[in-house]
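Peer 1:
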Amino acid sequence: MAHLGDLISALADGQLSPADTEKALSHVTTCRLCARELDTARAARRALSSAADVVPDPALTARLMALQASIPPTDEDPLRRPLLGPDPLSAQSWQAASFSGSFSGRDAFDGRIDRPARRRRTARITALGVGGVGVLGLALFTLGDVPVVSPQLSAQTSMTMLGRTGTSQAAAGQDVLATLDGAPGGRTAAALDWVEDHGWVAPAELPDGYTVTAMRLVGERGQTLEIDLTGPSGHAVVRERAGQLAQEGTTTADGVQVLATDPVHVAWQSQDMVVDVVAEAPEEVLSELVASFGEHGYDAGVLPRIARGWHTVTGAIESP
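Per the working numbering, the very first residue in the sequence shown carries number 79; after that it's consecutive.
(1) Since V294 and G263 should fall inside the 8 angstroms C-beta cutoff, what is the C-beta to C-beta distance between them, to a whole number of angstroms?
(2) Is Q230 helix, strand or coil by DSSP?
(3) Nearest to R265 by alpha carbon, out of V290, H276, L284?
(4) Do T243 and A292 count as a contact pair if the criterion is CB distance below 9 angstroms?
(5) Do G321 and V226 have their beta-carbon atoms positioned less than 9 angstroms apart in this structure?
(6) Just to check my reading of the structure: E358 and L240 have Cβ atoms closer than 8 angstroms, yes? What is that Cβ distance to the nearest angstrom?
(7) What does DSSP give as the partner residue(s) for Q347 in the beta ladder?
(8) Label S348 either buried or exposed according to how many other C-beta atoms from any shown protein chain fall within 10 Å of its C-beta, with 16 as the threshold for buried.
(9) From the DSSP output, which residues share a beta bridge with H313?
(10) Please state whether DSSP places L94 in a helix, a strand or coil.
(11) Please classify R294: does DSSP put it in a helix, a strand, or coil?
(12) Using CA atoms only, rank isn't needed, just tell me which of Q325, R120, V296, G312 is closest to E318.
(13) State the DSSP-derived secondary structure class of D271, mapped to helix, strand or coil.
(14) Quick one: is M351 buried, meaning 16 or more other Cβ sit within 10 Å of its Cβ, or exposed?
(15) Checking the sheet assignment: what are the DSSP bridge partners for D399?
(16) Would P96 be called buried (16 or more neighbouring beta carbons within 10 Å of its own) or exposed?
(17) For A338, which three-state DSSP category applies?
(18) Could you tell me the distance, in whole angstroms, from the CA atom of L337 to the CA atom of L323?
(19) Where does E318 sit, in a helix, a strand or coil, going by DSSP?
(20) Give a yes or no on whether the C-beta atoms belonging to L116 and L89 are separated by under 9 angstroms.
(21) Under a Cβ-count criterion, where at least 16 other Cβ atoms within 10 Å of its own Cβ denotes burial, should A269 be classed as buried or exposed?
(22) Select from G260, A102, I305, A256 the residue whose C-alpha is nearest the C-alpha of V273.
(23) Leaving aside the five residues before and after G300 along the sequence, list all residues of the same chain whose C-beta is less than 7 angstroms from its C-beta, in chain order.
(24) Return the bridge partner residues of L82 from the DSSP annotation.
(25) Between the Cα of S87 and those of T118, W346, C109, A369, spot the shortest distance and give me the residue it belongs to.
(26) For the putative contact between L367 and A314, defined by C-beta atoms under 8 angstroms, what is the C-beta separation to the nearest angstrom?
(27) Going by beta-carbon coordinates alone, are L364 and V353 separated by less than 9 angstroms?
(28) Between the Cα of W278 and those of G287, L284, T302, spot the shortest distance and give me the residue it belongs to.
(29) The alpha helix (DSSP H) that contains T118, what's its start and end?
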């Protein structure tokens with residue numbers, strides 16, 4: 079007889095027939111390997127049988143009992159209330175309803191076979207409409223989530239931006255100012271009107287003597303608007319991008335962040351846009367420019383976020 083193999087477990091558990099048990103024990107007396115395996119299996123079973131039961135922690139038991147006591151009763155819950163009366167799908171109820179012409183709690187049949195179907199269709203359409211509005215609201219709420227914008231620039235980049243204010247060939251982006259109609263003297267007013275008409279934030283008015291010398295859409299999808307301003311006191315570059323301003327630098331009382339001082343670089347939140355200005359101009363000119371963008375702040379409420387999502391959808395539809 080070869081080694082017992084899998085029969086060791088059955089022999090230790092007493093699951094073999096008397097004849098097979100006698101043959102297996104005869105083999106064990108002559109085979110040291112099977113005898114050792116049988117001793118190991120029996121020792122393991124003795125250890126398991128002598129192990130004490132696992133007693134649950136009394137504190138855990140008390141918490142579970144308290145949790146069960148806090149569960150409200152099912153008496154007033156229509157979803158968990160036991161069914162009262164006969165089962166409407168049982169054979170007796172079905173037969174009684176078939177011969178009486180009505181179910182319990184319903185009007186008698188009046189000859190119009192389309193009434194129940196019409197009622198079901200109305201309920202389905204109503205449920206579909208409510209569900210569709212909910213899905214649309216959730217989708218708009220998700221689309222209304224704007225990214226956090228960090229307008230930090232190095233001093234070298236800021237100086238480069240100020241050095242190429244105007245119609246510079248080195249400036250990247252789509253030139254918007256060149257596409258506007260009107261006389262050269264009215265380019266500034268036309269540019270500010272374009273900014274407001276296309277959903278960007280336009281200043282109420284520019285400081286005295288300052289005009290728009292260039293305006294570009296930068297980025298693969300034109301997500302950043304750059305406006306170059308030139309005046310008697312120096313140059314300034316205004317950038318706008320949809321999003322929420324990251325908390326960086328020193329913030330003043332009116333919510334303006336001072337990111338750098340040489341050259342001056344400030345940023346603030348204007349409605350749903352992050353606006354930052356790099357300027358080489360006196361402080362009073364910069365203050366007047368910042369104040370011309372109106373109230374600062376970002377509204378993170380549900381309705382404004384849904385409105386931003388709707389604006390994103392309509393903008394995608396209107397874009398070519």
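By construction, the Cβ of each residue, glycine as well, lies at the ideal position given by its N, Cα and C atoms.
Peer 2: Looking at the coordinates:
(1) Translated into positions along the sequence shown, residue 294 becomes position 216. Translated into positions along the sequence shown, residue 263 becomes position 185. Looking at the sequence shown, residue 294 is not Val but Arg. Actually they do not touch by this definition, with Cβ atoms about 21 angstroms apart.
(2) As a working note, residue 230 is residue 152 in the sequence shown. Correct three-state label for Q230: coil.
(3) Translated into positions along the sequence shown, residue 265 becomes position 187. Taking only the C-alpha atoms, the option nearest R265 is V290.
(4) Within the sequence shown, numbered from 1, the residue matching residue 292 stands at position 214. Within the sequence shown, numbered from 1, the residue matching residue 243 stands at position 165. Yes.
(5) Translated into the one-based positions of the sequence shown, residue 226 becomes position 148. Translated into the one-based positions of the sequence shown, residue 321 becomes position 243. Result yes, Cβ atoms of V226 and G321 sit closer than 9 angstroms.
(6) Along the sequence shown, one-based indexing puts residue 358 at 280. Along the sequence shown, one-based indexing puts residue 240 at 162. 5 angstroms between Cβ atoms; contact.
(7) Counting from 1 along the sequence shown, the entry for residue 347 is found at position 269. According to DSSP, which records beta bridges pairwise, Q347 is partnered with V352.
(8) If you number the sequence shown from 1, residue 348 lands on position 270. A residue is called buried when at least 16 other Cβ atoms come within 10 angstroms of its Cβ; S348 meets this threshold and is buried.
(9) Taking the sequence shown and counting its residues from 1, one reaches residue 313 at position 235. Answer is T308, E358.
(10) Sequence index remark: in the sequence shown, residue 94 carries index 16 (1-based). DSSP, read as helix, strand or coil, puts L94 in coil.
(11) By one-based count along the sequence shown, residue 294 stands at place 216. Looking at R294 - three-state DSSP - the assignment turns out to be strand.
(12) As a first step, residue 318 must be located in the sequence shown, where it is residue number 240. If we check each option's Cα against that of E318, V296 comes out closest.
(13) Taking the sequence shown and counting its residues from 1, one reaches residue 271 at position 193. Helix, per DSSP.
(14) Position 273 of the sequence shown holds residue 351. When all chains shown are included, M351 counts as buried.
(15) With the chain represented from 79 up to 398, any question about residue 399 goes unanswered, as that position is not in the structure.
(16) Walking along the sequence shown from the start, residue 96 turns up at place 18. Flag for P96 reads exposed.
(17) As a position in the sequence shown, residue 338 is number 260, starting the count at 1. In this structure, A338 counts as strand in the three-state DSSP scheme.
(18) Taking the sequence shown and counting its residues from 1, one reaches residue 337 at position 259. Taking the sequence shown and counting its residues from 1, one reaches residue 323 at position 245. Whole-angstrom Cα-Cα distance: 12 angstroms.
(19) By 1-based counting over the sequence shown, the position of residue 318 is 240. Strand.
(20) Along the sequence shown, read from residue 1 onward, the residue named residue 116 stands at position 38. Along the sequence shown, read from residue 1 onward, the residue named residue 89 stands at position 11. Contact flag set, yes.
(21) Taking the first residue of the sequence shown as 1, we reach residue 269 at position 191. Around the CB of A269, 16 or more other CB atoms lie within 10 Å, so the residue is classed as buried.
(22) For the purposes of this step, residue 273 is identified with residue 195 of the sequence shown, where counting begins at 1. Ranking G260, A102, I305, A256 by Cα distance to V273 puts I305 first.
(23) The residue given as residue 300 occupies position 222 in the sequence shown. Cβ within range, chain order: Q252.
(24) The residue you call residue 82 lines up with position 4 of the sequence shown. Residue pairing from DSSP leaves L82 without any beta-bridge partner.
(25) To locate residue 87, count along the sequence shown from 1; it is residue 9. Among T118, W346, C109, A369, the Cα nearest to that of S87 belongs to T118.
(26) The residue you call residue 367 lines up with position 289 of the sequence shown. The residue you call residue 314 lines up with position 236 of the sequence shown. About 7 angstroms separates the two Cβ atoms, so the contact holds.
(27) Along the sequence shown, one-based indexing puts residue 364 at 286. Along the sequence shown, one-based indexing puts residue 353 at 275. Going by C-beta atoms, L364 is not nearer than 9 angstroms to V353.
(28) Here residue 278 refers to the residue found at position 200 when the sequence shown is read from its first residue. That would be T302, whose Cα lies nearest to the Cα of W278.
(29) The sequence position of residue 118 within the sequence shown is 40, counting from 1. Looking at the DSSP string, the run of the alpha helix (DSSP H) that includes T118 is 110 to 128.
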